[in-house]
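Have a look at the structure below, then the notes.
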Amino acid sequence: MTTLQERPNTALLVVDVQNDVVGTAYDRDAVVANIAALVERARREEVPVVWVQHADEDMPKGSDLWRIVPELTPHEAEPLIHKNYGDSFEDTTLEKVLSGLGVGRLVVAGASTDICIRSTLHGALVRGYDTLLVADAHTTTDTSAYGSPPPEQVIAHTNLYWSHQKAPGRTAGTVAAADVELGGGADR
């Protein structure tokens, strides 16, 4: 249903599951395990897995903080997108990579819910992608000391509002990791 012409394929987009980003994240181990299971399913079903890795002055490229967590290992043939902004599309090669793979539907997992996941979801939808958030495969750290809600509420709120997103000719929604269909149709 995507508005992107001749792009019938789905990709699993794994955003910023890096040592610093998820080191103290809410429900870290369960979320990483859900992402690992999705990655393995995608590989078995020959669905592209596209990795996104953030760098900034607090998490310099090449540092241990910047590395993807040891439980997840991108295959050499899988695209790895380097970014410096919340939205994984902003000033990156992500759109070019997805276009080359014929992808018009994204299944999104990773971190941080309230920054890069939200930015990337919105960035994808406004660019024409059908965009599905895996409800139990994204997380964030506790920033309630700075006025944010607790992480479990941030995650629940993001799942709630993304399950009601829509745009002309595009679908959005949330689904549990166990219920993700990596094929063409939209999960709701």
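Quick note on numbering: UniProt numbering labels position 29 of the sequence shown as 29, and the sequence is numbered without any gaps.
For each residue, glycine too, the CB sits at the ideal point set by N, CA and C.
Keep in mind the model is a prediction, meaning the values are calculated, not measured.
Just verifying my parser: in three-state terms, what is the DSSP assignment at residue 194? Outside the shown range of the chain, which is 1 to 188, sits residue 194, and nothing can be said about it.
Cβ contact (3+ pairs, closer than 8 Å) linking the region 117-134 and the region 89-108: yes
So, with DSSP's three-state summary, where would you put L160? helix
Where G185 sits in the DSSP three-state scheme: Model confidence at G185 stands at a pLDDT of 42, short of 50, so the residue's coordinates are unreliable and nothing is read from them.
For the beta strand (DSSP E) that contains G128, what are its first and last residues? Where G128 is concerned, there is no enclosing beta strand (DSSP E), given that its DSSP letter is neither H nor E.
4 or more residues per run - each alpha helix (DSSP H) lying fully within the UniProt domain "Isochorismatase-like" (10-144): 19-22, 28-44, 94-100, 118-126
Evaluate A77 with the Cβ neighbour count: other Cβ atoms within 10 Å of its Cβ, from every protein chain shown; 16 or more gives buried, anything less gives exposed. exposed
Between the C-alpha atoms of A178 and G110, what's the straight-line distance to the nearest angstrom? 16 Å
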